[in-house]
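Step one of this worksheet: look at the structure below.
Residue numbers (our numbering): 27 to 411.
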């Protein structure tokens, strides 16, 4: 078990996860599309933002809580949906749901999870569901009905995956569906005994929510292509209107980077958008989400909830996203690395690190509540504001 007492950053958790997992598994979670330009730029965009802190403010107490989709969260953060994660840690979806509940933030279950919508709902806490718009409309509507019956409070419809991105690490590593170690990766698997023993005990996970679904993808296809082939490339605004009719609770579109798309989402009754480029895993050279955020926030930030994902690795990143107009962030890889490194304790540690860093950043910036984080904290390019 990893010594989590020695962990001081999300990057530390990433390194522990890298050491524990076979390369093919780690690269599936860590990698992006093609040359990974967008993957890198998501992070670099945060690093380019400079702050102008206020001084002589009493920050002996700060309040990091905020409202997200109509209910209070301890941080302006929710755990993002990530698929296939139980391949890296048995029970990862349950682990993350428990960690989120313990820390008082929402957890988003991905459609291709190893546990059913109903099983994860048993964990309680604030639960959101991410919907992949699969080709079979009837099956898609059954997923919506199941999430509704299970009590999920919000649905995030992924809209940036009409086809899959070209993720080159996976075929190079022989990571295909179903995943079976072969001559290309067997040595790496053997050298990761903790992961291997867990897999021997629990087996490789399936996709529990797809029972009864008629897959068209042949075995041996790389993972990204397999997922992409099952998506509905004809998904359009009329389909979103149909989902809106079926889902009476909070509805967000995940994968929006354009102002006009955000405005149209608001016009048809969506409750929010997630400014996202799928973590750099879809269109390489898509705009970094932090740079797309201000345009979207200015257009619809007073009408609907605007969330952001992609590149969040530090608590100060949450502050920067808020200052640029987001109501909150989703974090996928940060908490995932925690779970991969140390199970539920690792996932909690990831959230604790982000919370501690956000608290410190708020104090150093002279803000006492999330509501006080605003654009006046941002240094404009090359000069004073």
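Glycine included, each C-beta is placed from N, C-alpha and C at the ideal position.
For residue j and residue i, the rounded distance between their alpha carbons
i, j, result
"residue 132", "residue 335", "14 Å"
"residue 1", "residue 384", "Residue 1 lies beyond the stretch modelled for the chain, which goes from 27 to 411, so this question has no answer here."
"residue 38", "residue 272", "43 Å"
"residue 56", "residue 222", "19 Å"
"residue 300", "residue 164", "25 Å"
"residue 251", "residue 312", "19 Å"
"residue 124", "residue 339", "21 Å"
"residue 290", "residue 188", "18 Å"
"residue 358", "residue 351", "20 Å"
"residue 31", "residue 264", "51 Å"
"residue 411", "residue 307", "For residue 411, the predicted structure reports a pLDDT of 42, less than 50, and the residue's modelled location is therefore unreliable. A value from the coordinates is still provided. Straight-line Cα distance between these residues: approximately 34 Å."
"residue 77", "residue 86", "20 Å"
Simplified DSSP assignment, three categories, for residue i
i, result
"residue 361", "helix"
"residue 41", "helix"
"residue 328", "coil"
"residue 212", "helix"
"residue 154", "strand"
"residue 375", "helix"
"residue 257", "strand"
"residue 395", "strand"
"residue 301", "strand"
"residue 77", "strand"
"residue 92", "strand"
"residue 17", "Residue 17 cannot be examined here, being either before or after the span of the chain that is shown, 27 to 411."
"residue 237", "coil"
"residue 356", "strand"
Beta strand (DSSP E) segment containing residue i, residue limits
i, result
"residue 276", "276 to 282"
"residue 99", "97 to 99"
Proximity test, residue i beta-carbon vs the ligand SAH heavy atom, cut-off 8 Å
i, result
"residue 111", "Among the ligands in the structure shown, none appear at all, so the ligand SAH cannot be discussed."
Span of the alpha helix (DSSP H) around residue i
i, result
"residue 341", "341 to 349"
"residue 272", "263 to 272"
"residue 307", "Unbroken run through residue 307: none, as it is neither H nor E."
"residue 311", "Run containing residue 311: none; DSSP gives neither H nor E here."
Exposure label - residue i; buried when at least 16 CB within 10 Å
i, result
"residue 98", "exposed"
"residue 96", "exposed"
"residue 185", "buried"
"residue 297", "buried"
"residue 67", "buried"
"residue 46", "buried"
Just to confirm the assignment: which complete beta strand (DSSP E) runs, minimum length 3, are found wholly within the segment 103 to 141? 103 to 105 and 133 to 135
Write down every uninterrupted run of the alpha helix (DSSP H) in the segment 161 to 232 whose length is 4 residues or greater and which is fully enclosed by it, in chain order. 163 to 176, 195 to 198, 212 to 216 and 219 to 228
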